[in-house]
Amino acid sequence: MSQQPSAGQEILNLEFPQSLALFDRYADAQKAVDFLSDEQFPVQNVMIVGTDLRQVERVTGRLTWPKVLGGGVLSGMWMGLFVGLILSMFEGGATLGLIGMAVGAGAVFGFIWAGLGYSMSRGRRDFTSVSQVVATKYELLVEHRAFGEAQALLSKMDGVRGALVTTGEPKRVQARPNPFEGMYGQKIDSSGKPVSSSDSSQAAAGSAADSPGADDASAK
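If you read the sequence shown in the UniProt record's numbering, its first letter stands for residue 1, the second for the next number, and so on.
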């Protein structure tokens, strides 16, 4: 069963987009769109697409037992505080004591859980890091109806000529004639008339008789 695109996906789609320019930085692509907007171009026909995606992981530090256990205790305390506040809503008295018990239990649980997780890793990942998927190229796409206007306007912008994408006319490939393109797969000649089976057999016999091998066989 095919799923209909959501409203958010419809906003991100163009009918027939064409590549207008290619930039190395997002700031340059944003600057080009701002220029088109200043020139009264309908920028609702423009889309910025990040291409050539790659994942970048930045190592932030070394992972040690004190860091692991300390992080586990803090995470457990925050979780205990959250649970304690929820439970205190249903208790009439001793609210602070209940919250304190929940925070303490969360700290102990976080300490044990972090220690078990780090010991099971067996030193395979002794560092902390943050990762992000980034684009190395940013392509400016424009709706085909407004492509010519956008290209003419953007060519006036300083420092953007090298980023414009030159689109050439597509090559036309001439198809070879198919001898069996008649109705029901019937063979036709060069004039388009159908060729009967007797004519084709006579033509084949004539071509065989005219071949050099046939003359040698008759001479023998």
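Every residue, glycine too, gets a C-beta built ideally from N, C-alpha and C.
This one's a predicted model, so the numbers in the text were calculated from it and none came from an experiment.
| Item | Value |
| --- | --- |
| Give a yes or no on contact between the stretch 38 to 58 and the stretch 126 to 137, applying the rule of three or more CB pairs nearer than 8 angstroms. | yes |
| Considering Cα atoms alone, identify which of 148, 139 and 96 is closest to residue 23. | 139 |
| Should residue 96 be labelled buried (16 or more other beta-carbon atoms within 10 Å of its own) or exposed? | exposed |
| Below 8 angstroms CB to CB, which residues in the same chain sit around residue 141 once its five sequence neighbours on both sides are set aside? | 14, 17, 18, 19, 20, 46, 47, 48 and 49 |
| In or out: residue 103 buried (at least 16 other Cβ within 10 Å) or exposed? | buried |
| Name the DSSP bridge partner or partners of residue 164? | 21 |
| Measure the CB-CB distance between residue 76 and residue 107 and report whether it falls below 8 angstroms. | yes |
| Can you tell me the Cβ-Cβ gap for residue 128 and residue 52, rounded? I've got them flagged as a contact below 8 angstroms. | Rounded, the Cβ-Cβ distance is 28 angstroms, inconsistent with contact. |
| May I have the straight-line CA-CA distance separating residue 72 from residue 110, to the nearest angstrom? | 4 angstroms |
| Bridge partners for residue 127 per DSSP, in chain order? | 62 |
| Quick check: the Cα distance between residue 145 and residue 33, rounded to an integer number of angstroms? | 17 angstroms |
| Rounded to a whole number of angstroms, what is the C-alpha to C-alpha distance between residue 165 and residue 150? | 12 angstroms |
| Closer than 6 angstroms by C-beta to residue 118: which residues in its own chain qualify, once you throw out the five before and the five after it? Chain order, please. | 68 |
| For the putative contact between residue 74 and residue 126, defined by C-beta atoms under 8 angstroms, what is the C-beta separation to the nearest angstrom? | In fact, because the Cβ distance is near 20 angstroms, the residues do not count as touching under 8 angstroms. |
| Between the beta-carbon of residue 99 and the beta-carbon of residue 116, is there less than 8 angstroms? | no |
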